[in-house]
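Okay, so here's the structure we're looking at.
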Amino acid sequence: MEQTHTSQTGTAVAPGTQRRVLVVEDDTTIVEAISARLRAEGFLVQTATDGPAAVDAAEAWQPDLMVLDIMLPGFDGLEVCRRVQAQRPVPVLMLTARDDETDMLVGLGVGADDYMTKPFSMRELAARVHVLLRRVERAAQAAVTPRSGILRLGELEVDHAQRRVRVRGEDVHLTPTEFDLLVCLANTPRAVLSREQLLAEVWDWADASGTRTVDSHIKALRRKIGAERIRTVHGVGYALETPAP
Numbered sequence: 029m030e031q032t033h034t035s036q037t038g039t040a041v042a043p044g045t046q047r048r049v050l051v052v053e054d055d056t057t058i059v060e061a062i063s064a065r066l067r068a069e070g071f072l073v074q075t076a077t078d079g080p081a082a083v084d085a086a087e088a089w090q091p092d093l094m095v096l097d098i099m100l101p102g103f104d105g106l107e108v109c110r111r112v113q114a115q116r117p118v119p120v121l122m123l124t125a126r127d128d129e130t131d132m133l134v135g136l137g138v139g140a141d142d143y144m145t146k147p148f149s150m151r152e153l154a155a156r157v158h159v160l161l162r163r164v165e166r167a168a169q170a171a172v173t174p175r176s177g178i179l180r181l182g183e184l185e186v187d188h189a190q191r192r193v194r195v196r197g198e199d200v201h202l203t204p205t206e207f208d209l210l211v212c213l214a215n216t217p218r219a220v221l222s223r224e225q226l227l228a229e230v231w232d233w234a235d236a237s238g239t240r241t242v243d244s245h246i247k248a249l250r251r252k253i254g255a256e257r258i259r260t261v262h263g264v265g266y267a268l269e270t271p272a273p
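Counting from 1 along the sequence shown, just add 28 to a position and that's the residue number in this note's numbering.
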């Protein structure tokens with residue numbers, strides 16, 4: 029009888045359920061280290077070292093997730109993300125050598141779901157990959173058994189069943205992570221949620237070192253739904269503002 033395999037992060041991986049991860053990175057040392065860690069976690073891994081090869085590999089191999097460096101030969105990771113997402117939605121964990129918030133916001137805007145700044149631990153990268161794939165599974169389950177109704181907060185509408193958001197009747201395109209973050213805030217409007225609470229609820233990530241990820245996603249969300257709708261409580265976290273009753 030086949031046995032389940034337990035990854036180094038403690039996640040059980042059943043036979044025949046291996047997920048495909050495409051690692052796109054032009055640094056040989058880094059790509060080998062990432063690939064080795066992900067294979068140890070039970071994933072099937074393919075690699076690409078430049079932009080055109082990454083797009084071709086994504087189309088041919090149909091990965092379940094991409095680990096994607098921003099700086100690549102041919103064309104950069106942002107263009108790779110645009111082209112791949114135009115073919116089919118794929119969760120993307122973006123890597124950058126620069127701790128540049130502009131890069132992060134642009135990456136989130138073209139469809140990336142999360143990002144990590146080099147250098148990073150392989151343990152954290154593997155954990156982030158597991159989290160992103162669990163979110164995809166939860167979204168698929170929600171599509172089968174969706175929550176009913178539309179949440180209306182003034183001119184903001186959140187449709188749980190279709191995972192759609194409208195502002196003043198106009199559709200707003202959100203990434204899966206941005207949608208989950210908005211829903212988390214909308215579930216308790218006006219209540220202040222700490223960065224650590226949001227990180228745990230939306231990313232399943234309990235390490236406070238990831239709170240910068242929350243801040244960047246909040247900024248991206250503000251650009252799409254209106255900055256005035258999300259209030260910052262300095263030193264604490266964020267709250268979704270709603271019209272006065």
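The beta carbon of each residue, even a glycine, is placed where N, CA and C say it ideally should be.
{"Query": "Whole-angstrom distance between Thr45 and His276, CA atom to CA atom", "Result": "Nothing about residue 276 can be read from this structure; the chain reaches only from 29 to 273."}
{"Query": "Cut-off 6 angstroms between Cβ atoms - residues of its own chain near Glu185, not counting five sequence neighbours on either side", "Result": "Ile178, Arg194"}
{"Query": "Length at least 3, wholly inside the region 78 to 115: the beta strand (DSSP E) runs in chain order", "Result": "93 to 97"}
{"Query": "DSSP three-state assignment for Leu249, whether helix, strand or coil", "Result": "helix"}
{"Query": "Which listed residue (Thr260, Glu206, Glu60) has its alpha carbon closest to that of Gly139", "Result": "Glu206"}
{"Query": "Three CB pairs or more closer than 8 angstroms across the region 107 to 122 and the region 88 to 95", "Result": "yes"}
{"Query": "Local Cβ density within 10 Å of His262, reported as buried at 16 or more and exposed below that", "Result": "exposed"}
{"Query": "Gly162 classed as buried or exposed, judged by whether at least 16 other C-beta atoms fall within 10 angstroms", "Result": "Per the sequence shown, the amino acid found at residue 162 is Arg instead of Gly. By the neighbour-count rule (16 or more Cβ atoms within 10 Å), Arg162 is not buried but exposed."}
{"Query": "Cβ separation of Gly197 and Arg223, assumed to be a contact under 8 angstroms, to the nearest whole Å", "Result": "Rounded, the Cβ-Cβ distance is 32 angstroms, inconsistent with contact."}
{"Query": "Beta strand (DSSP E) runs wholly inside the region 184 to 244, at least 3 long, in chain order", "Result": "184 to 187, 192 to 195, 198 to 200"}
{"Query": "Distance, Ala85 Cα to Gly79 Cα", "Result": "10 angstroms"}
{"Query": "Gly135 to Cys109 span [Cα, whole Å]", "Result": "8 angstroms"}
{"Query": "Residue from Val159, Val220, Ala76, Ala82 with nearest C-alpha to Arg47", "Result": "Val159"}
{"Query": "Which residues DSSP lists as bridging Thr270, in chain order", "Result": "Beta-bridge pairing links Thr270 to no other residue."}
{"Query": "Bridge-paired residues (DSSP) for Leu179", "Result": "Val186"}
{"Query": "Three-state secondary structure (DSSP) of Gly254", "Result": "coil"}
{"Query": "Leu96 beta carbon less than 8 angstroms from that of Val52", "Result": "yes"}
{"Query": "Proximity of Ala267 and Leu221 at Cβ, strictly below 8 angstroms", "Result": "yes"}
{"Query": "Contacts around Thr239, its chain only, beta-carbon distance under 8 angstroms, and the 5 residues preceding and following it disregarded", "Result": "Arg223, Glu224, Leu227"}
{"Query": "Minimum C-alpha distance to Gly70 - residue among Val200, Ala155, Thr216", "Result": "Ala155"}
{"Query": "Beta strand (DSSP E) segment containing Arg47, residue limits", "Result": "Segment: none, Arg47 is in no beta strand (DSSP E) and carries neither H nor E."}
{"Query": "Three-way DSSP call (helix, strand, coil) for Arg259 in this model", "Result": "strand"}
{"Query": "CA-to-CA distance, Met150 to Ala61, given in whole angstroms", "Result": "8 angstroms"}
{"Query": "Span of the beta strand (DSSP E), counted from its first residue to its last, around Val118", "Result": "Where Val118 is concerned, there is no enclosing beta strand (DSSP E), given that its DSSP letter is neither H nor E."}
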